[in-house]
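Student:
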Amino acid sequence: MKETTTYYETVIVGAGAAGLFCACALGYAGTAGRARAAGGAGAAGSAGAVILEKTGAAGTKLRLSGSGQCNLTHDGSIKDFISHYGENGRRIRGLLQKHSNIELCRFMEGLGVRLTSREDGKIFPASLNSREVKEALLAGIAAAGIRIRYQTPVTGIAYIAYAAEEQGGEDDAGCESGRRFVLETPAGPIGCHNLIVATGGCSYPRTGSDGQMLFVLARDLGLTVKSPRPALAPVYVENYRYGQLAGLSFRDATLTLSDAAGTRTFRGDLLFTHKNLSGPLILNNSRYLAPGASFTLNYLAPLGEPELIARMRQDFLGNSKSPQNYLSDELGLPRRFARQLVTDLAISESKVSQLGGGQQRALAAALTAASFTVSGLGSFSEAMVTSGGVSLDELQLPRMAAARYPGLYLIGEVVDIDGDTGGYNLQFAYSSARAAASDVNQNR
Ligand SMILES: Cc1cc2nc3c(=O)[nH]c(=O)nc-3n(C[C@H](O)[C@H](O)[C@H](O)COP(=O)(O)OP(=O)(O)OC[C@H]3O[C@@H](n4cnc5c(N)ncnc54)[C@H](O)[C@@H]3O)c2cc1C
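Per the numbering used here, the sequence shown runs over residues 92 to 535.
Below is the structure:
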């Protein structure tokens with residue numbers, strides 16, 4: 092017997108943040124029955140749109156986001172967002188302006204999720220619980236009549252273009268124009284008129300996004316894929332000495348690096364972990380920190396090395412404090428860090444008044460220009476997002492439509508966009524999802 096192909100008008104692959112946002116926005120209620128089975132004795136298809144999800148759960152990474160609190164976006168002007176997506180940020184300017192942070196907030200509030208904005212501009216659900224966001228999206232999808240078919244990985248894609256007359260003027264999905272996608276799944280082939288790929292990147296592969304779809308897109312459709320690399324990753328450095336201080340953080344430290352793009356300084360919060368450097372300052376700039384790269388950290392920014400030396404010279408005169416107490420009492424540095432630093436510099440037994448010029452300079456350098464060499468980046472199981480993915484050159488922006496395949500859309504982290512921490516990745520998932528849904532709806 093010939094294998095049955097079930098047809099849908101629209102298939103979304105991946106029930107992560109982008110897939111869920113997109114399905115909600117499609118609002119397909121009332122279209123059930125437009126799809127039907129073809130190619131044999133099969134039963135009718137179930138709805139106009141469906142989500143095919145590889146795993147047994149939706150929104151697994153969304154649930155983890157923001158440490159389970161879900162930092163949805165950032166407040167402020169959308170113009171300021173562009174600089175938070177590295178080199179590719181300027182290419183999504185129009186998309187972010189069209190589907191902005193304000194629109195995302197209205198959208199979530201429309202689904203009944205109250206939001207709160209923190210002092211640092213990060214926007215969360217007021218419940219500080221990502222479960223609420225996920226459940227609101229699932230309720231939105233159910234209201235729109237869209238089903239999620241779990242345990243249904245897509246392992247291959249065929250694109251078929253044909254003249255409408257060949258199909259008697261209407262294709263199997265009930266659509267007049269001559270194209271269809273046929274998806275290979277363990278449940279048999281699934282056909283559709285519009286295909287929205289929302290399969291994420293490679294980070295946290297245990298959530299289901301393992302990058303396998305990038306391989307399928309390159310192999311079956313010939314799409315250009317920029318090789319995926321971990322981003323928003325912790326950074327391993329040579330001779331790391333702060334494992335014992337895991338959990339210590341510094342507000343508004345700076346990181347300075349010199350590379351082919353010149354000398355750049357970035358500001359943000361720094362965190363010591365058991366094995367590596369982390370916190371927004373490190374995560375957001377890990378895209379610039381390849382193994383072998385050198386950088387310096389200033390724990391006392393904006394105070395620079397010359398100003399610190401001048402200040403110490405003054406403060407140290409006739410001062411009987413230990414260097415450790417001076418660093419924590421006068422400079423506000425964490426006590427455990429101060430202890431380790433003075434031990435490393437072999438000045439723990441002195442009074443500050445006894446420190447010579449060389450020791451003062453070494454202390455100032457260790458605090459304002461501590462140098463590090465990158466030994467490696469956190470792997471995909473530690474990185475929060477993926478840099479690389481389907482090249483923006485393959486897309487018509489801001490529609491998120493594939494330039495070479497009418498009816499194909501790519502949204503969320505599967506695309507070569509990675510944002511800083513602060514809600515920028517979920518904002519991109521939303522903006523790209525909304526753009527694809529609007530385009531599909533406009534062309535129906
Ligand atoms: C620990 C952590 C914390 C984070 N915190 C934040 C935060 O607070 N704010 C923020 O903005 N961003 C945050 N991010 C990043 C953000 O969560 C992601 O960028 C976003 O979830 C990506 O959404 P997506 O839908 O594109 O991909 P994903 O959420 O990865 O979803 C992809 C889905 O596709 C499915 N899939 C994959 N391949 C197939 C296939 N072949 N067939 C069928 N289904 C498939 C997967 O199982 C998965 O369900 C965080 C990330 C991590 C890991």
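Each residue gets a CB set at the ideal place from its N, CA and C atoms; glycine is no exception.
1) E485 and T345: beta carbons closer than 8 Å?
2) Measure the Cβ-Cβ separation of A587 and A322 and say whether it is below 8 Å.
3) With H, G and I counted as helix, E and B as strand and the rest as coil, what does DSSP make of F341?
4) Any heavy atom of ligand 1 closer than 7 Å to the beta-carbon of A289?
5) Suppose contacts are defined by Cβ-Cβ distances below 8 Å. Is R358 in contact with D343 by that definition?
6) According to DSSP, is D484 part of a helix, a strand, or is it coil?
7) First and last residue of the alpha helix (DSSP H) that includes P371?
8) Whole angstroms are fine: how far does the CA of K145 sit from the CA of A126?
9) In chain order, which continuous runs of the beta strand (DSSP E) of length 3 or greater are located wholly inside the stretch 404-481?
10) What is the DSSP secondary structure of C115, reduced to helix, strand or coil?
11) Going by the beta-carbon positions, is the gap between G291 and G467 smaller than 8 Å?
12) Do the stretch 493-500 and the stretch 144-163 touch if we need at least three Cβ pairs shorter than 8 Å?
13) State buried or exposed for D211, treating a residue as buried only when at least 16 other CB atoms are found within 10 Å of its CB.
14) Look at the Cβ atom of G302, then the Cβ atom of P319, and state whether they are nearer than 8 Å.
15) Measuring from the CB of L312, is there a heavy atom of ligand 3 at a distance below 7 Å?
16) Would the beta-carbon of V104 fall within 8 Å of that of V245?
17) Run through DSSP, which three-state label would D360 get?
18) For a test of the three-state rule: what should DSSP assign to T546, helix, strand or coil?
Tutor: Walking through what the data contain:
1) Position 394 of the sequence shown holds residue 485. Position 254 of the sequence shown holds residue 345. Not closer than 8 Å, so no.
2) Only positions 92 to 535 of the chain appear in the structure, and residue 587 is not among them; the question remains open.
3) Against the sequence shown, residue 341 aligns to sequence position 250. Correct three-state label for F341: strand.
4) Position 198 of the sequence shown, counting from 1, holds the residue named residue 289. At least one heavy atom of ligand 1 is nearer than 7 Å to the Cβ of A289, so yes.
5) Residue mapping note: residue 358 aligns to position 267 of the sequence shown, counting from 1. Residue mapping note: residue 343 aligns to position 252 of the sequence shown, counting from 1. Contact: yes.
6) On the sequence shown, position 393 is the one that residue 484 refers to. If DSSP states are grouped into helix, strand and coil, D484 belongs with the helices.
7) Here residue 371 refers to the residue found at position 280 of the sequence shown. Taken as a continuous stretch (DSSP letters only), the alpha helix (DSSP H) holding P371 covers 371-376.
8) On the sequence shown, residue 126 is found 35 positions in, with the first residue counted as 1. On the sequence shown, residue 145 is found 54 positions in, with the first residue counted as 1. Interpretation of A126 is limited by its pLDDT of 42, a score under 50 that renders its predicted location unreliable; no figure is taken from the coordinates.
9) 461-468, 476-481
10) Within the sequence shown, residue 115 is the residue found at index 24, counting from 1. In the structure shown, C115 sits in a helix (DSSP, three-state: H, G or I).
11) If you number the sequence shown from 1, residue 291 lands on position 200. If you number the sequence shown from 1, residue 467 lands on position 376. It is not a contact, given that the beta carbons lie outside the stated cut-off.
12) no
13) Position 120 of the sequence shown, counted from the start, is the residue given in the question as residue 211. Exposed is the call here.
14) Position 211 of the sequence shown, counting from 1, holds the residue named residue 302. Position 228 of the sequence shown, counting from 1, holds the residue named residue 319. Yes, the Cβ-Cβ distance between G302 and P319 is below 8 Å.
15) By its list of ligands, the structure shown excludes ligand 3, since it contains just ligand 1.
16) As a working note, residue 104 is residue 13 in the sequence shown. As a working note, residue 245 is residue 154 in the sequence shown. Taking 8 Å as the Cβ cut-off, V104 and V245 qualify as a contacting pair.
17) Sequence index remark: in the sequence shown, residue 360 carries index 269 (1-based). Of the three classes helix, strand and coil, the one that applies to D360 here is strand, per DSSP.
18) Residue 546 cannot be examined here, being either before or after the span of the chain that is shown, 92 to 535.
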